[in-house]
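Engineer: Under the working numbering, think of the first position of the sequence shown as 1442, with each following residue one higher.
Just passing along the structure, written as structure tokens.
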Amino acid sequence: MRLPRIRRANRTDQSDSTDQSDHTENPSVGADAPPGPHRSRRIDFPRAGRHGPRRWLPSWKLVSGLFLLSVGALTGLFVAIYLNVEIPDEHDSARRQATVYYWADGSRMVSVGDVNRQDITLAQMPKSLRSAVIAAENADFYSDAGVSVTGIARAAVNIVKGKETQGGSTITQQYVKNTYLSQDQTVSRKVKELFLSLKVSNQKPKSEILQGYLNTSWFGRDSYGVQAASYAYYGVPAKDLNPSQGALLATLLKGADSYDPALSPANRERAEERWSWILDRQVETGSMSAEERAKYTSFPEPKPPVKPTSQAGQTGYLIDITNKYIKSRTGITDKDLAGGGYRVHTTFEKDKVRALTKAVEKVRAERLDPEKRAVDRHVQVGAASVRPEDGAIVAVYGGSDAIEHFSNNADTSGVPAGSAFKPFVYAAALEYGSARKQEAARAAGRDARRPVPTMTAEPMSLVDLTGPLVDSDNTPFVQTGKKIGLETVKKLAVASGLREESMAKLEPTFSIGTSTPSAVRLASAYTTFLNGGRATEPYSVTRIERDGVAVDGFEKPEARRAMEPHVAATVGAALQQVGWSALGPPKDRKIYYPVLAGKTGPNDRMKSAWFIGATEELSTSVTMFRTKPDVPNLLPMQGVGGPDSERGSAFPPLIWAEYQRTAVPPTSLAEAVPQGLGTVS
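Here it is as structure tokens:
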């Protein structure tokens, strides 16, 4: 008996049954065969009826369909985000926190970063200034949509690659960043900037955006906005700026750290080049005629920077050294620090800074008489004191007053070291001689690991440099430098802590101190002779915090090998004789300064005087020179302080001794001698 067939209502089941029976009853039909009349595929991928690699190549219909779907989804997402973005309230300048600097003992040194900003209307900004800014920053400002998509993309790629993200933003984008967002260089902030810029451009007139941008931008010298910048650079309100001065202020928008001409010769060169380009650019964009452009051929030199009164005395110099160190270790800029919110803990010790200042002022007052002797005028002193144990800078003397004398004499790189450089020549000769002797020992089959004599012999035939070092005799050092190679001397000096950029040309006089290291660097480099040949990078910051979170990059520098221990000991012993001859025997035989010293002397014909004294507690360098702001070269030192001053070289040892007596009281002779400081080990 045949059972009746039951028609299925579910077409899917029927299709499944049909498919199954097709495969069963007709095994010749493979999985790659085209679908039958009951089978359909909305996405033909992998492609049916194709074999090999072609099976996996999508059709143009599939590609175009997916492209249109993606574009539609992204457009919808873009519109949704745009509609939901709200323009936030502007930053409240009153809520900005200052950056606070602390002494080594944790007490507050100074608070810096109160916002220097004076808003003015667009009508109070010269048209020439506005034209210069637009020509330099965003030539199609009045016609663009407020964003540069290519600039955003480029910045995002740079962030991923760890590169700088500046550049490529429109004026509207920069205004949005200044007014509504943080300065963080991240992709998320760039995305916010994009949408806010579009919305701001649609809701605010271009004149309001330009006015806001010029009132909120950073121009350096602690100035936000063009009005504060105009006073900082030219001492006049913005409305009185001429087109040439306006072009310089437009130049600073690219980065005041790199374009303020007063900060360095390199900055001035960059600033002058961009200033000229901006004027030419205005002619190209039609905002200035060629005839008017021809009037501005002289660079509009701004006035010297003026530090706030809170940075008077030595404070400004301490902040200068601190900020340089911060910028060298992190991506933090002057603009970031001026924006506030940082807590900077320094290595500077208040009592030692005061002691160093008093020592300089006392010797100047007692020994110099600028009213009676013309050569006593324009005398400058710089000094720095470093802790040999770890390289911490504990005190500096940068000049008479940071708000009157802008240049930091403790950190300048324009004063020749003279005979104070010779210990590095001596050390290089000993290193070279030791290496040659070990080579000879290996060639002869002897044990190269055995200690070698510290005095060099054949094949070097070098003389003992201790006597010439004490007597300030130049000829043996010139001969030694020539024999071992000036590059050898330079490498050891740099390894000891002197900067590569302060090294002079490798000429015969190189060995007698034509290089120009700073007081900070010389004080630090001399600690190498105390520390068994190990050098430590000088540092001025122990910790930085922002919003309670520590900033990375401020671990203590690690010591590195600059010379062999026996070399450091030999040169140290010679330097101890230099110290004895410079400071003289103690008046009280019960006290003694076990000091390693380097100095300039009567045979130095350079326009500077130096004394570096290193003890186990402190290594302190003092320099004296003469300079005038309108004279590019140093002035002669002959006769400074009277005929007995030996080109002023008598004063740095006096300053050092006065400071040392206060900062580190002398030890007894019985306690000092057993230390064996500077003796050959």
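Just so you know, even glycine gets a beta-carbon here, dropped at the ideal spot from N, CA and C.
Report the rounded CA-to-CA distance for Ser-1572 versus Ser-1589, giving the unit in angstroms.
Structural biologist: 20 angstroms
Engineer: Along the chain, where does the beta strand (DSSP E) containing Ile-2053 start, and where does it finish?
Structural biologist: 2050-2055
Engineer: Looking only at its own chain, which residues have a Cβ that is under 6 angstroms from the Cβ of Asn-1850, when we skip the five neighbours before and after it?
Structural biologist: Gln-1821, Gly-1823, Gly-1839, Gly-1840
Engineer: What are the complete alpha helix (DSSP H) segments, minimum 4 residues, inside the stretch 1966-2041?
Structural biologist: 1968-1971, 2006-2024
Engineer: Give me the residue from Ala-1703, Tyr-1621, Pro-1745 with the minimum Cα distance to Leu-1637.
Structural biologist: Tyr-1621
Engineer: Using only the alpha-carbon positions, how far apart do Ala-1833 and Glu-2058 sit?
Structural biologist: 11 angstroms
Engineer: For Ile-1834, does the three-state DSSP call read helix, strand or coil?
Structural biologist: Three-state result, Ile-1834: strand.
Engineer: Does the separation of the CB atoms of Val-1835 and Ser-1952 fall below 7 angstroms?
Structural biologist: no
Engineer: So, for Asn-1467: in the same chain, excluding its five sequence neighbours on each side, which residues have a beta-carbon less than 7 angstroms away from its beta-carbon?
Structural biologist: Note that Asn-1467 scores a pLDDT of 46, beneath 50, so its modelled location is shaky; the value from the coordinates is reported in the next line. Once the five neighbours on either side are set aside, Asn-1467 has no close Cβ partner at all.
Engineer: I want to know whether the stretch 1727-1746 touches the stretch 1669-1685 - three or more CB-CB distances under 8 angstroms.
Structural biologist: Verdict: yes, contact present.
Engineer: Apart from the five residues on each side of it in sequence, which residues of its chain come closer than 8 angstroms, Cβ to Cβ, to Arg-1962?
Structural biologist: Taken in chain order, the residues that qualify are Gly-1938, Leu-1939, Arg-1940, Ser-1943, Pro-1979.
Engineer: One question on the structure: do Thr-1968 and Ser-1854 come within less than 7 angstroms of each other, judged by their Cβ atoms?
Structural biologist: no
Engineer: Hey, how far is the Cα of Ala-1392 from the Cα of Val-2008?
Structural biologist: This structure cannot speak to residue 1392, because the chain is shown only from 1442 to 2122.
Engineer: Give a yes or no on contact between the stretch 1923-1937 and the stretch 1773-1791, applying the rule of three or more CB pairs nearer than 8 angstroms.
Structural biologist: no
Engineer: Got a sec, what are the start and stop residues for the beta strand (DSSP E) Tyr-1542 sits in?
Structural biologist: 1540-1543
Engineer: Tell me, to the nearest whole angstrom, how far the beta carbon of Leu-1639 is from that of Pro-1567; I am working on the premise that it is less than 8 angstroms.
Structural biologist: With a Cβ gap of about 30 angstroms, Leu-1639 and Pro-1567 do not count as contacting.
Engineer: Can you give, in chain order, each stretch of the alpha helix (DSSP H) that sits fully within the stretch 1903-1952 and has at least 4 residues?
Structural biologist: 1907-1912, 1916-1925, 1927-1936
Engineer: Measure the alpha-carbon distance for Ala-1806 versus Phe-1862 and round it to whole angstroms.
Structural biologist: Their backbone Cα atoms lie some 29 angstroms apart in a straight line.
Engineer: Does the count of Cβ pairs from the stretch 1539-1554 and the stretch 1644-1656 closer than 8 angstroms reach three?
Structural biologist: Flag = no, the stretch 1539-1554 and the stretch 1644-1656 do not touch.
Engineer: Nearest-angstrom Cα distance between Gly-2082 and Gly-2089?
Structural biologist: 7 angstroms
Engineer: Consult DSSP for Ser-2066 and reduce its assignment to one of helix, strand or coil.
Structural biologist: The displayed chain sequence assigns Phe, not Ser, to residue 2066. Reduced to three states, the DSSP call for Phe-2066 is strand.
Engineer: Tell me the DSSP secondary structure of Arg-1558 in three-state form.
Structural biologist: strand
Engineer: Less than 6 angstroms between C-beta atoms, sequence neighbours within five positions excluded: which residues of the same chain meet that for Ile-1612?
Structural biologist: Only Glu-1578, Asn-1579, Phe-1582, Tyr-1654 meet the Cβ criterion.
Engineer: Let's see if you can read the secondary structure: which residues bound the alpha helix (DSSP H) around Tyr-1616?
Structural biologist: 1612-1621
Engineer: Of the choices Val-2036, Ser-1705, Trp-1659, whose alpha-carbon is the least far from that of Ala-1691?
Structural biologist: Trp-1659
Engineer: Candidates Val-1837, Lys-1768, Gly-1974, Asn-1708: which alpha carbon is nearest Gly-1757's?
Structural biologist: Val-1837
Engineer: Comparing C-alpha positions only, which one of Leu-1704, Ser-1705, Leu-1693 sits nearest to Ser-1717?
Structural biologist: Leu-1693
Engineer: I'd like the span of the alpha helix (DSSP H) that includes Thr-1763, first residue to last.
Structural biologist: 1756-1770
Engineer: When we look at the beta-carbon of Lys-1946 and count the other beta-carbons within 10 Å, is it buried (16 or more) or exposed?
Structural biologist: By the 10 Å Cβ count, Lys-1946 comes out exposed.
Engineer: How is the beta strand (DSSP E) around Ser-1826 delimited, first residue to last?
Structural biologist: Where Ser-1826 is concerned, the enclosing beta strand (DSSP E) stretches over 1820-1827.
Engineer: Give the DSSP-derived three-state secondary structure of Thr-1692 in the structure shown.
Structural biologist: In the three-state reduction of the DSSP assignment, Thr-1692 falls in the helix class.
Engineer: With DSSP as the reference, label Thr-1459 as helix, strand or coil.
Structural biologist: Its pLDDT being 40, under 50, Thr-1459 is placed unreliably in this model, and the value from its coordinates should be taken loosely. Residue state for Thr-1459 is assigned as helix, using DSSP reduced to three classes.
Engineer: According to DSSP, Ser-1658 sits in a beta bridge with which residue or residues?
Structural biologist: Answer by DSSP bridge pairing: none, since Ser-1658 is not bridged.
Engineer: Can you tell me which of Ser-1705, Lys-1997, Glu-2099, Gln-2018 puts its alpha carbon nearest to the alpha carbon of Ser-1848?
Structural biologist: Ser-1705
Engineer: Tell me which same chain residues have a C-beta within less than 8 angstroms of the C-beta of Glu-1733, skipping the five on either side of it?
Structural biologist: Taken in chain order, the residues that qualify are Pro-1684.
Engineer: Check Arg-1734 in the structure and name its three-state DSSP category.
Structural biologist: helix
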